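Student: Residues -25 to -1, 1 to 359 in mature numbering (1 follows the signal peptide of the UniProt record, and there is no 0) are what the sequence shown lists, from first letter to last.
Ideal Cβ placement from N, Cα and C applies to all residues, glycine included.
Since this is a predicted model, take the numbers as computed values, not measurements.
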Amino acid sequence: MYRPSVRGAAVVAGLAALATLTACGAAPDETTGAAGKAKAKAATATSVEDFGGMDELVAAAEKEGRLNVIALPPDWANYGELIKRFQEKYKIKINSENPDASSADEIAAVKSRKGQKRAPDVLDLGIAFARSGAEEGLFAPYRVQAWDSIPDSQKDADARWYNDYGGYVSIGCDAGRIKKCPETFADLLKPEYKGKVALNGNPTKSGSAFGGVYAAALASKGSFGDIQPGIDFFGKLKKSGNFIPVESTPATVEKGETPISIDWDYLNAGYADQFKDKGVDWKVSIPGDGVYAQYYSQAVNKEAPNPAAARLWMEFLYSDEGQNLWLKGYARPVLLPAMTDAGTADKEFVAKLPKVEGEPSFPSSEELDKAKETLAEKWDKALS
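1) With a threshold of 8 angstroms, are at least 3 pairs of Cβ atoms found where one atom belongs to the stretch 172 to 190 and the other to the stretch 93 to 109?
2) Alpha carbon to alpha carbon, what distance is there between residue 84 and residue 74?
3) Between the alpha carbons of residue 289 and residue 137, how many angstroms are there, rounded?
4) Would you mind sorting residue -3 into buried or exposed? The rule is 16 or more other CB atoms within 10 Å of its CB.
5) Counting only C-beta atoms, is residue 296 closer than 8 angstroms to chain D at any point?
6) Looking at C-beta atoms only, is the number of pairs between the stretch 196 to 213 and the stretch 331 to 348 that lie closer than 8 angstroms three or more?
7) Judging by CA-CA distance, which residue of 223, 186, 344, 313 is the nearest neighbour of residue 174?
8) For residue 195, which option in 220, 164, 284, 121 has the closest C-alpha, if you only look at C-alpha atoms?
9) Do the CB positions of residue 142 and residue 240 come within less than 8 angstroms of each other?
10) Excluding the 5 residues flanking residue 351 on each side, which residues of the same chain have their C-beta closer than 7 angstroms to its C-beta?
11) Note down the Cα distance separating residue 29 from residue 23, rounded to an integer number of angstroms.
12) Using only CA atoms, which one of 274, 238, 269 lies nearest to residue 258?
13) To the nearest angstrom, how far is the alpha carbon of residue 9 from that of residue 318?
14) Count the other C-beta atoms from every protein chain shown that fall within 10 angstroms of the C-beta of residue 227, then say buried if there are 16 or more, exposed otherwise.
15) Looking only at DSSP bridge pairs, what is residue 239 linked to?
16) Once the 5 residues before and after residue 129 are set aside, which same chain residues still bring their CB inside 8 angstroms of it?
17) Using beta-carbon positions only, say whether residue 127 and residue 234 come within less than 8 angstroms of one another.
18) Do residue 277 and residue 114 come within 8 angstroms of each other at the CB atom, strictly closer than that value?
19) Measuring only the C-alpha atoms, how far is residue 65 from residue 248?
20) Going by Cα to Cα distance, which pick from 324, 81, 207 is closest to residue 45?
21) Just curious, the alpha helix (DSSP H) that residue 43 is in, first and last residue?
22) Taking just the CA atoms, how far does residue 246 sit from residue 256?
23) Have a look at 293, 315, 313, 298 and flag the residue whose alpha-carbon is nearest the alpha-carbon of residue 118.
24) Could you pull the DSSP bridge partners for residue 269 from this structure?
25) For the putative contact between residue 42 and residue 67, defined by C-beta atoms under 8 angstroms, what is the C-beta separation to the nearest angstrom?
26) Can you pull the DSSP bridge partners for residue 100?
27) How far does the alpha helix (DSSP H) with residue 222 in it reach, from first residue to last?
28) Kindly indicate which three-state DSSP category residue 357 falls into: helix, strand or coil?
29) From 275, 306, 264, pick the residue whose C-alpha is nearest to that of residue 112; which is it?
30) Helix, strand or coil, according to DSSP, for residue 329 in the structure here?
31) Which runs of the alpha helix (DSSP H), 4 residues or longer, sit entirely within the stretch 172 to 220?
32) Just reading off the alpha helix (DSSP H) that residue 299 is part of, what are its end residues?
33) If you check the beta carbons only, do residue 32 and residue 300 fall under 8 angstroms apart?
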């Protein structure tokens, strides 16, 4: 995922930390007896009915008493409040590790910590990583109670992953440091933005940066099936001196180190609120020449050490309460259309969403796979 707010703050450091932790990790957890049977039952549950109902799921999850999450910055899509509310609502302690990790780091943690108590229970991934992780057999199928309200195009038919919240690629700009803020990708090539344009991470590892390159491709006569023009755009931006190899984070935004940041609209909108009292006049625009929307996806680790808590977390996220908390963080929850029809979406939060024209369209799984492969092959060379 790359959260900017970060999601990915230090990919290299994150991977190094994961490698170190794995090397020194505890032995695989072997649970036997009644506890082992309960865990096995939870690990194979594909819906709340398999527990006997919501009360039984809550009881099983609270008995585990713990939930391991990874790559969830508190200032990313309001995850800080989501985590706080879950812990208040249930007798479960959330262990939030490496909040600035990327989607690639999440997948690495699932693989390297298999059988360990420290393994992540749940994952929030960029869509390309969710698809590839499912294909590798890393995720457990689980249908939340709101399953039928999630559009078919936003979920895996086998329930190994489903989209959670999304947004549009946007351009954030420090109006106190930039005389005239850019509003399109074409604007970013102007000489007055030399040394000022940043992405939230590396697009080969970061979902948000991946989206930024995709949007640039659409703005440069590319398509969902051809991300190369987006890579070429950033190559040109780097050659002009406008693009800087600094990952945009809340800290770099506040300090003025990344005065122009290509990132999700919910993150840029959040910065506008977060730093207003600190004198930062952060403006947000969705570039009309490269309109690209993307959802992130939730998944349950097939080898989750706390399988009941993992499933309860999913139920919480896809409840009206969880979806509205994402909405409060300027993210567009996947159930927003259904909640709007039902009258359960918070109208105040809906009104604050960044404005965008038209309906979003999304690349197919084949197009995403191709884009991911092209980036892996061409990105570093283009930016060298």
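Tutor: A quick look at the data gives this:
1) yes
2) Within the sequence shown, numbered from 1, the residue matching residue 74 stands at position 99. Within the sequence shown, numbered from 1, the residue matching residue 84 stands at position 109. Cα-Cα distance, rounded: 13 angstroms.
3) Residue numbering aside, residue 289 sits at position 314 when the sequence shown is read from its first letter. Residue numbering aside, residue 137 sits at position 162 when the sequence shown is read from its first letter. So the alpha carbons of these two residues sit roughly 10 angstroms apart.
4) Within the sequence shown, the letter at position 23 stands for residue -3. For residue -3, the predicted model reports a pLDDT of 37, less than 50, meaning its position is unreliable and no value from the coordinates is stated.
5) Within the model displayed, chain D is absent; a lone protein chain is all it includes.
6) yes
7) Within the sequence shown, the letter at position 199 stands for residue 174. Looking at the Cα atoms, 223 is the closest of the given residues.
8) For this step, residue 195 is matched to residue 220 along the sequence shown. Closest option to residue 195, Cα to Cα, is 164.
9) Counting from 1 along the sequence shown, the entry for residue 142 is found at position 167. Counting from 1 along the sequence shown, the entry for residue 240 is found at position 265. Their beta carbons are under 8 angstroms apart, which means residue 142 touches residue 240 by this criterion.
10) Reading the sequence shown from its first residue, position 376 is the one you call residue 351. Closer than 7 angstroms at Cβ, skipping near neighbours: 179.
11) Against the sequence shown, residue 29 aligns to sequence position 54. Against the sequence shown, residue 23 aligns to sequence position 48. Rounded to whole angstroms, residue 29 to residue 23 spans 6 angstroms at the Cα level.
12) As a first step, residue 258 is located in the sequence shown; it is residue number 283 there, counting from the start. Ranking the options by Cα distance to residue 258, first place goes to 238.
13) Sequence index remark: in the sequence shown, residue 9 carries index 34 (1-based). Sequence index remark: in the sequence shown, residue 318 carries index 343 (1-based). If I take the Cα positions, the gap works out to 43 angstroms.
14) Working through the sequence shown from its first residue, we reach residue 227 at position 252. Buried, because 16 or more other Cβ atoms sit within 10 Å of the Cβ of residue 227.
15) Residue mapping note: residue 239 aligns to position 264 of the sequence shown, counting from 1. Per DSSP, 144.
16) Locating residue 129 in the sequence shown gives position 154, where the first residue counts as 1. Cβ within range, chain order: 137, 138, 270, 309.
17) For the purposes of this step, residue 127 is taken as the residue at position 152 of the sequence shown. For the purposes of this step, residue 234 is taken as the residue at position 259 of the sequence shown. Going by C-beta atoms, residue 127 is not nearer than 8 angstroms to residue 234.
18) Within the sequence shown, residue 114 is the residue found at index 139, counting from 1. Within the sequence shown, residue 277 is the residue found at index 302, counting from 1. Yes, they are a contact pair.
19) Here the question's residue 65 lines up with position 90 in the sequence shown. Here the question's residue 248 lines up with position 273 in the sequence shown. One C-alpha to the other measures close to 29 angstroms.
20) Within the sequence shown, numbered from 1, the residue matching residue 45 stands at position 70. Ranking 324, 81, 207 by Cα distance to residue 45 puts 81 first.
21) Taking the first residue of the sequence shown as position 1, residue 43 is located at position 68. Premise fails: residue 43 lies in the beta strand (DSSP E), 41 to 45, not in any alpha helix (DSSP H).
22) Taking the first residue of the sequence shown as 1, we reach residue 256 at position 281. Taking the first residue of the sequence shown as 1, we reach residue 246 at position 271. Cα-Cα distance, rounded: 9 angstroms.
23) In the sequence shown, the residue the question calls residue 118 occupies position 143. With distances taken between Cα atoms, residue 118 lies closest to 293.
24) As a working note, residue 269 is residue 294 in the sequence shown. Answer is 142, bridged to residue 269.
25) In the sequence shown, residue 42 corresponds to position 67, counting from 1. In the sequence shown, residue 67 corresponds to position 92, counting from 1. Their Cβ separation, rounded to whole angstroms, is 6 angstroms, which keeps residue 42 and residue 67 in contact under 8 angstroms.
26) For this step, residue 100 is matched to residue 125 along the sequence shown. According to DSSP, residue 100 bridges with 272.
27) Counting from 1 along the sequence shown, the entry for residue 222 is found at position 247. Neither: residue 222 is in no alpha helix (DSSP H) and is coded neither H nor E.
28) Against the sequence shown, residue 357 aligns to sequence position 382. Helix.
29) Sequence index remark: in the sequence shown, residue 112 carries index 137 (1-based). Out of 275, 306, 264, 275 has the C-alpha closest to the C-alpha of residue 112.
30) Sequence index remark: in the sequence shown, residue 329 carries index 354 (1-based). Coil, per DSSP.
31) 182 to 194, 203 to 215
32) One-based indexing of the sequence shown puts residue 299 at position 324. Segment 295 to 303, the alpha helix (DSSP H) holding residue 299.
33) As a first step, residue 32 must be located in the sequence shown, where it is residue number 57. As a first step, residue 300 must be located in the sequence shown, where it is residue number 325. Cβ atoms of residue 32 and residue 300: not closer than 8 angstroms.
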